[in-house]
Every structure is written in C-alpha cells, then in structure tokens.
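Below is one structure; the comments refer to it alone.
Residue numbers (our numbering), protein chains in the order written: chain A, 12 to 657; chain B, 144 to 321.
Here's what the structure looks like:
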C-alpha cells in the first residue's frame with residue numbers, strides 16, 4: 012500500500028493510503044478522544060470528539076471520517092478544539108441522564124472518562140431531562156435510553172459484525188433513540204442476545220443483568236482464556252473478583268473479532284445447578300453418602316481389579332466427554348488402556364466421529380481425513396452459504412453469526428436445508444424443510460440438478476427428477492429448482508453441516524453431501540462440519556475414540572468422565588446406566604450421577620487449564636480462572652491416583 | 144495571618160459531602176488550625192457572617208435553598224460547591240423529568256405506603272422550585288468539587304489550594320462523579 016506523509020501538529024508523520032486522519036494519529040501515538048469510533052466498524056463521525064483543524068478546510072472536521080492524504084496539514088489540540096471538545100461533552104451530559112452514581116458502567120464509562128480528562132466539573136448548559144424508557148425485559152440485556160449518547164456503536168456492531176441488524180435508530184433529531192426491529196422491546200425482537208452491543212457500548216446504556224454491580228474492571232483481574240462451551244473456540248477475557256466471575260468479554264472486541272454468544276458471554280457467568288463437591292458412594296442405589304477421596308478411590312480401584320479378575324479387560328469401558336481438554340482426555344484414555352488394559356475407550360460423541368470420518372474418507376478416496384475441511388472464516392469470504400442439518404444460531408451461535416455477517420457484508424446468499432424450526436432458516440434466502448428422512452433425497456437431487464443443467468462437471472445422475480425428489484422428500488419442487496439455481500450461480504460457496512447429517516450414522520450421507528459441496532465450488536472444496544463438543548476434534552485426534560459404539564461392547568463396569576458437560580442423549584447413555592457398576596466423574600448433579608454407584612467430583616471449565624482443538628482445527632488454551640471449591644482434585648490428579656492404586 | 148473564615152450550607156443534598164469533609168482524618172487538624180468554621184450544620188450557628196470561603200452542598204430544590212445560596216454568595220469572597228448535586232443537579236434533579244405537581248402527588252398521595260395522604264401546604268415548609276438546579280444555575284460559583292460524595296482528598300486539595308491563594312481546579316486524576 013502506498014505510503015503517505017502529512018503534517019500533524021507541525022510534525023511530519025507517515026500513514027497508508029486509505030487511512031483516515033484518525034488512523035494516522037493512532038498509528039503515530041497522537042491521542043485523539045473518541046466515543047463513536049470502534050476499531051473495525053465503519054466510522055460515522057457521530058460524536059465529534061475527534062474534530063481536528065485541517066488547513067484549507069473552513070471548519071473543524073472529524074478525523075475519523077476524513078481521508079488522510081499526502082501533504083495534509085492537521086492540528087489536533089489547538090485551544091479552540093479543546094474548548095469545543097469540552098463543550099461537546101457538556102452538551103452530551105445535558106441531553107440525557109448521565110448521573111454516574113448509580114450507573115452500572117461507572118468507572119469504565121468512556122463518556123465519564125473523557126469528562127474527567129477534560130476536567131468537566133460543571134456544565135454550563137441547562138439539562139433537558141427527557142422522559143425516556145428503560146427496556147429491562149430481555150433475558151440478559153438492559154437498554155437504558157437515558158444513558159445513551161447515540162454513538163451508534165451498538166447499531167453498527169449488531170449489523171456489521173453480528174450480522175443480525177436488530178438494533179437501529181428510530182425517530183429524528185434530538186428525539187432519536189436506539190431501537191430494536193420495528194420499535195419492539197429487545198426481548199420480543201430478533202435479538203439473539205449475543206451481547207456484542209453491551210461490550211461495544213461506551214456508556215451504561217446497554218449492560219448485562221448478570222454482571223451489573225458485581226464488580227468493576229479496576230476491582231478484579233482479567234484472565235484471558237478460551238470458551239469451552241462449543242467447538243467454535245472463542246477467546247474470552249474473564250473478569251474475576253474475589254474468586255467469582257464478574258463478567259465475560261470477547262477478547263479484543265473489534266469489528267473483526269471478539270464476538271461471543273449468549274451462552275459464552277452470559278449463561279456461564281454463574282450456574283445455579285448443584286455442584287458435586289465430595290465423592291459420593293451409593294452402595295445400594297438410591298442411598299447416597301459422601302465419602303472421603305481415600306475411600307472412593309480405593310473403591311474404584313477394588314472394583315476395577317475385581318472386574319478385571321472375574322471377567323477380563325473387555326468387561327470395562329471408559330467414556331470421556333469431549334468438553335475436557337486434550338490433557339485430561341489423553342490421561343483418561345492412557346489410564347484405561349495402559350493401567351486398566353481395556354481397549355474400549357470412547358468419547359461421548361464417538362459415534363459422530365465414526366460417521367464423519369468414514370464419510371470423509373469415502374469421499375476423499377486418497378486417505379485424507381478432516382484436513383479437507385476449511386476454517387470457519389471461509390464463511391466470511393463466501394458469496395453463498397449452504398447450511399445442512401444444523402441449527403447454528405442455537406448450537407454454535409458465533410458460527411451462525413459468521414453466516415449472517417457474510418450476508419450483510421458480502422450479500423452472500425443463504426440456503427438452509429433443515430427439517431427443524433430454526434432461526435437461521437427464518438433468515439435464509441431459501442429454506443428447504445424436507446421430512447426427517449428426506450435429507451439424502453434432497454442432497455442427491457440438488458447434486459443431480461446442479462450437475463445436469465449447468466456448465467459444472469460431475470456425473471449427472473440418472474433417474475433423479477426434481478419432481479420426484481421433491482415429492483419423496485416432502486419439499487416444494489419450485490423451491491428445490493431455485494435452490495439448485497442458487498448453488499449453480501455461486502462462485503465461492505461454503506457448506507456447513509452438523510448434527511442433522513452426522514447423527515444419522517450414515518457415512519454415505521456425509522459423502523454425498525461432500526460431493527455436492529465439491530460440485531458447487533469450482534475453486535475447491537469449502538466445507539466445515541460442526542462438531543458437538545468444545546474439544547471433539549482434539550479428543551478424536553488424540554485417539555480417545557473406539558472403533559465401535561458402547562452398545563456393541565456391553566461392558567459390566569463403565570467409567571464416565573463427564574466433567575461439566577451436559578448429559579446429551581446418545582446410544583451410550585442407556586448402556587452406561589445399565590452397567591453393573593457405574594463410576595461418574597462430574598461437576599454437576601444430573602440423572603447420570605444419580606444412576607451412578609460412585610460419583611467423583613470434577614472441576615468446571617473455569618477451574619482447569621488445558622488445550623482445546625476447535626471444530627476447524629485451531630489449537631487454543633484455556634486458563635484456570637477460579638480456584639476450585641476446597642477439597643476438589645483436578646481430573647488428571649484423580650486419574651493418576653487411581654493408576655497408582657492398580 | 145489570621146484564620147480563614149469559612150461557612151458551609153447544606154441545601155438539597157444528603158449531608159454526604161459534609162461527612163466527606165469530616166472524613167479528612169488527621170488533615171482535619173491542620174485545616175482546623177488554618178480555618179475558622181462559622182455558620183455550618185456542624186457548628187449549628189444560624190446566620191452567615193461575612194466569610195472568606197463559602198462551601199455549599201446540595202442542589203437548589205426549594206425557595207429556601209435559593210435564598211440560602213444567594214445569602215452565602217453575598218457573604219463569601221470565594222464560593223466552592225461540593226458534590227454532584229451542587230455541581231450538576233445530581234439525585235435531587237432526577238425529579239426534573241416530572242412536573243412539580245406530579246412529584247408531590249407521587250410522594251404524598253400515591254406512594255404505596257401512604258393512606259389518605261395530602262400534599263403539605265404549611266407556610267413554614269418552603270415550596271419546591273419547578274426544577275432542582277445545580278448551584279451555578281442560580282449564583283456564581285468559583286470552584287467545583289464533584290463526586291458523590293467528593294473524596295476527602297479532593298476536598299482537602301481544594302481547601303489547601305485556596306489557603307495558598309489559588310482558585311483550585313480539580314486535576315483529572317482527582318475527578319470523580321460517583
């Protein structure tokens with residue numbers, strides 16, 4: 012990029028062509044106050060705090076929207092400008108209720124910070140005291156119009172980054188307010204409660220109910236960690252005070268990164284589920300008593316040895332949640348294989364992996380596996396996204412938002428094939444809702460239609476007609492044809508598929524979908540499968556997966572390392588519950604721990620550190636954010652102590 | 144040099160600023176050595192004498208506040224206002240989005256704990272102004288120390304600057320609105 016030179020405050024400084032004057036100032040450590048600017052969002056010059064004097068311009072100009080060019084002469088801190096800035100601040104304070112003493116943002120508010128900087132110890136203009144409402148009915152968000160300075164950062168992040176465009180401005184002039192959809196309360200709007208607006212808000216106009224008044228940034232410490240709720244793997248900054256999580260921010264929120272979802276940002280701030288804090292022994296089912304670690308670990312060792320002696324290693328199975336980091340998964344798998352000697356170790360989502368891997372290898376035919384998949388960011392470059400068998404805005408909302416962002420920024424077209432009601436389908440250009448068993452028919456029909464009619468290469472399938480397929484799958488024929496047209500006209504199509512395909516345990520279905528994906532993207536395959544667990548890929552690739560499911564193993568003793576994962580339905584569940592002896596290592600009480608003969612406590616995500624591999628293969632690290640409750644042991648330590656007893 | 148004479152007034156506020164004034168700990172001894180407290184809620188003297196410095200806490204919410212503010216302004220050479228109410232309007236001004244009638248009706252008749260209430264009308268009770276205002280909207284103010292309440296350090300800074308003959312402006316790092 013071409014370098015440019017301009018004079019700022021009588022000093023020659025360098026910038027790049029395309030920079031704004033504000034960009035050049037920031038790059039050269041020249042401070043300019045801003046309120047409406049947030050890196051990565053379109054600058055709009057709303058707050059006027061960054062006004063500068065530019066020679067040959069008749070009046071002060073906002074630096075954030077003025078393109079820098081060679082030879083500009085800029086002054087940033089003349090007496091006049093500083094006077095204007097203080098005046099702007101005073102006017103902002105008079106416009107609404109900016110009294111700080113009961114504001115959730117006090118201490119971190121950018122408006123307050125600038126008022127301090129400009130020593131605004133009084134205001135020379137009359138206050139307007141408008142009667143504005145506060146919207147508190149959303150699950151986690153509060154929108155207090157009285158605190159709003161109309162900078163529009165929430166509006167821009169909602170549309171440009173989240174891609175949902177729930178927020179916008181309503182009305183005009185000094186009556187302008189931020190609003191959701193067609194002036195609806197946030198809780199009844201299209202808002203997905205991702206909280207990006209809360210993090211983007213420079214004042215206390217948007218704040219989180221779970222974090223407000225629980226502590227300020229200055230009173231605690233931020234720990235950079237990794238969200239382990241799903242396989243997207245978002246970086247998080249966790250604010251901790253007195254061993255409590257105050258709030259969770261997206262790391263380095265800008266217009267490009269730092270996005271989180273309702274679960275990662277709000278739902279895991281605190282959970283009310285009862286924790287398991289001591290080992291529990293249920294000798295007779297239904298009668299549970301707390302036990303010491305010594306007694307509990309001895310009991311597990313005794314039972315393991317007894318089953319080994321009586322029935323051999325084949326009678327024992329180990330299952331581990333893929334929410335656990337690599338280190339834990341490896342320790343557990345190693346223990347089961349080397350110390351116990353059983354060959355049956357599986358992740359709770361092992362069947363997903365078997366289906367996926369067989370499907371991928373059947374398609375690739377060259378021995379390649381999951382490495383044929385693309386990074387999630389490929390979605391952001393797409394001109395067409397095909398989502399099959401996934402409810403992304405529910406299960407992996409940040410991935411879902413990548414699609415929404417591609418739609419807002421690149422006008423990407425969105426085709427959803429999903430039988431269930433889902434929010435992405437509602438937002439799609441075209442939503443095919445086949446019957447539950449009609450997925451394969453639709454995929455094969457689309458492949459035939461795309462290959463048959465267009466310039467694309469690929470073998471046209473005989474005997475597939477749009478009418479027949481539409482009838483068989485229960486979709487509208489015209490929609491099916493339109494979907495094929497949409498895929499054909501795409502240049503950079505990306506395919507994302509999830510549990511709706513993988514749970515069918517049919518590798519052929521995966522392979523057919525990959526063929527379609529291959530056909531519609533002439534520049535090479537762009538496809539990503541949505542893995543269920545935060546560390547599914549890490550757990551699978553570290554070898555903690557069995558060749559077959561638990562149903563085919565019929566073990567007598569089952570050891571489940573669930574940790575803080577939820578118990579999802581799966582073929583393993585009934586099998587585990589029917590085992591003669593069930594050991595469950597878990598953080599929270601659940602029907603599974605109630606069915607167990609012995610329960611060992613396990614730390615939650617915030618109490619452990621470890622390595623995770625995201626759904627698209629990115630390696631991330633979580634940190635220990637909180638001290639675990641007294642008496643708890645790390646999962647790896649428990650496994651080591653068991654190993655020493657065998 | 145004789146002691147600097149000081150008077151304080153407690154207008155539409157909660158007394159928190161006066162508490163903060165007393166919260167200067169051992170610095171209070173040094174200040175007391177240099178300052179003579181005349182009329183103040185702390186001394187319970189009723190009338191303002193001529194003073195060097197007037198300190199004021201609270202917004203102007205009633206005609207009595209307005210009168211007291213004008214009186215102290217007249218009697219003092221330098222007027223310092225303490226706290227968010229006096230500087231900006233603060234909590235008392237939160238009523239300004241409603242009319243005076245609405246506020247009185249809500250407080251004396253409609254409040255959940257009130258039965259058969261009526262709006263007080265005794266001539267001894269100073270009537271509310273239509274709006275609660277920052278002191279500087281009514282009289283000229285020479286120095287502002289915001290905060291809710293202002294930090295004792297900030298008050299000390301302001302008084303020390305004054306004693307040394309300078310009109311204080313609170314530096315950024317001492318500014319607090321909460």
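All C-beta atoms, glycine included, are put in the ideal place defined by N, C-alpha and C.
On a predicted model such as this, the values are computed, not experimentally measured, just so you know.
Buried/exposed call for residue i, threshold 16 Cβ in 10 Å
| i | result |
| --- | --- |
| residue 131 of chain A | buried |
| residue 12 of chain A | exposed |
| residue 185 of chain A | exposed |
| residue 424 of chain A | buried |
| residue 287 of chain A | buried |
| residue 306 of chain A | exposed |
| residue 563 of chain A | exposed |
| residue 389 of chain A | buried |
| residue 23 of chain A | exposed |
| residue 242 of chain B | exposed |
| residue 256 of chain B | exposed |
| residue 26 of chain A | buried |
| residue 142 of chain A | exposed |
| residue 3 of chain A | No answer is possible for residue 3 of chain A: it lies beyond the span of chain A, which begins at 12 and ends at 657. |
| residue 310 of chain B | exposed |
| residue 182 of chain B | buried |
| residue 597 of chain A | buried |
Integer Cβ distance of residue i from residue j, believed to fall under 8 angstroms
| i | j | result |
| --- | --- | --- |
| residue 215 of chain B | residue 152 of chain B | 5 angstroms |
| residue 221 of chain B | residue 160 of chain B | Not confirmed; about 17 angstroms, so no contact. |
| residue 414 of chain A | residue 396 of chain A | 5 angstroms |
| residue 236 of chain A | residue 633 of chain A | 5 angstroms |
Own chain partners of residue i with C-beta closer than 6 angstroms, once the 5 adjacent residues on each side are dropped
| i | result |
| --- | --- |
| residue 427 of chain A | 398, 435, 436, 439 and 442 |
| residue 145 of chain A | 155 |
| residue 393 of chain A | 417, 423, 503 and 505 |
| residue 386 of chain A | 627 |
| residue 11 of chain A | Chain A is shown only over 12 to 657; residue 11 of chain A falls outside these bounds and no answer can be derived. |
Three-state secondary structure (DSSP) of residue i
| i | result |
| --- | --- |
| residue 455 of chain A | helix |
| residue 112 of chain A | coil |
| residue 660 of chain A | Since the first residue of chain A shown is 12 and the last is 657, residue 660 of chain A is not available in this structure. |
| residue 623 of chain A | strand |
| residue 432 of chain A | coil |
| residue 206 of chain B | helix |
| residue 220 of chain B | strand |
| residue 32 of chain A | helix |
| residue 558 of chain A | coil |
| residue 154 of chain B | coil |
| residue 290 of chain A | coil |
| residue 523 of chain A | helix |
| residue 657 of chain A | coil |
| residue 565 of chain A | coil |
| residue 251 of chain B | helix |
| residue 639 of chain A | coil |
| residue 23 of chain A | strand |
| residue 124 of chain A | helix |
| residue 241 of chain B | coil |
| residue 599 of chain A | strand |
Own chain partners of residue i with C-beta closer than 7 angstroms, once the 5 adjacent residues on each side are dropped
| i | result |
| --- | --- |
| residue 208 of chain A | 165, 168, 169, 178 and 217 |
| residue 494 of chain A | 426, 441, 443 and 457 |
| residue 656 of chain A | 308, 309 and 312 |
| residue 475 of chain A | 455, 456 and 459 |
| residue 275 of chain A | 238, 240, 245, 247 and 259 |
| residue 86 of chain A | 20, 63 and 64 |
| residue 162 of chain A | 46, 47, 57, 58 and 213 |
Neighbourhood of residue i by C-beta, 8 angstroms cutoff - its chain only, sequence neighbours within 5 removed
| i | result |
| --- | --- |
| residue 179 of chain B | 146, 147, 148 and 149 |
| residue 454 of chain A | 399, 428, 520, 523, 524 and 527 |
| residue 629 of chain A | 244 and 386 |
| residue 301 of chain B | 223, 286, 288, 311 and 313 |
Residue i CB to nearest heavy atom of the ligand COA below 7 angstroms
| i | result |
| --- | --- |
| residue 253 of chain A | Among the components of this structure there are no ligands whatsoever, and the ligand COA is therefore not found. |
(request) Write down every uninterrupted run of the alpha helix (DSSP H) in the segment 129-204 of chain A whose length is 4 residues or greater and which is fully enclosed by it, in chain order. (result) 164-167
(request) Run through the segment 210-285 of chain A for me and flag every whole beta strand (DSSP E) of 3 or more residues, listed as ranges in chain order. (result) 217-219, 232-237, 246-252 and 255-261
(request) Ignoring anything shorter than 3 residues or poking outside the segment 316-390 of chain A, list the beta strand (DSSP E) runs there in chain order. (result) 327-331 and 356-358
(request) Mind listing, in chain order, the continuous alpha helix (DSSP H) runs of no fewer than 4 residues lying wholly within the segment 26-75 of chain A? (result) 32-38
(request) Entirely within the segment 258-302 of chain B and at least 3 residues each: give me those beta strand (DSSP E) ranges in chain order. (result) 271-276 and 286-288
(request) Would you list, in sequence order, the uninterrupted alpha helix (DSSP H) runs of no fewer than 4 residues that lie entirely inside the segment 155-193 of chain B? (result) 159-165 and 170-177
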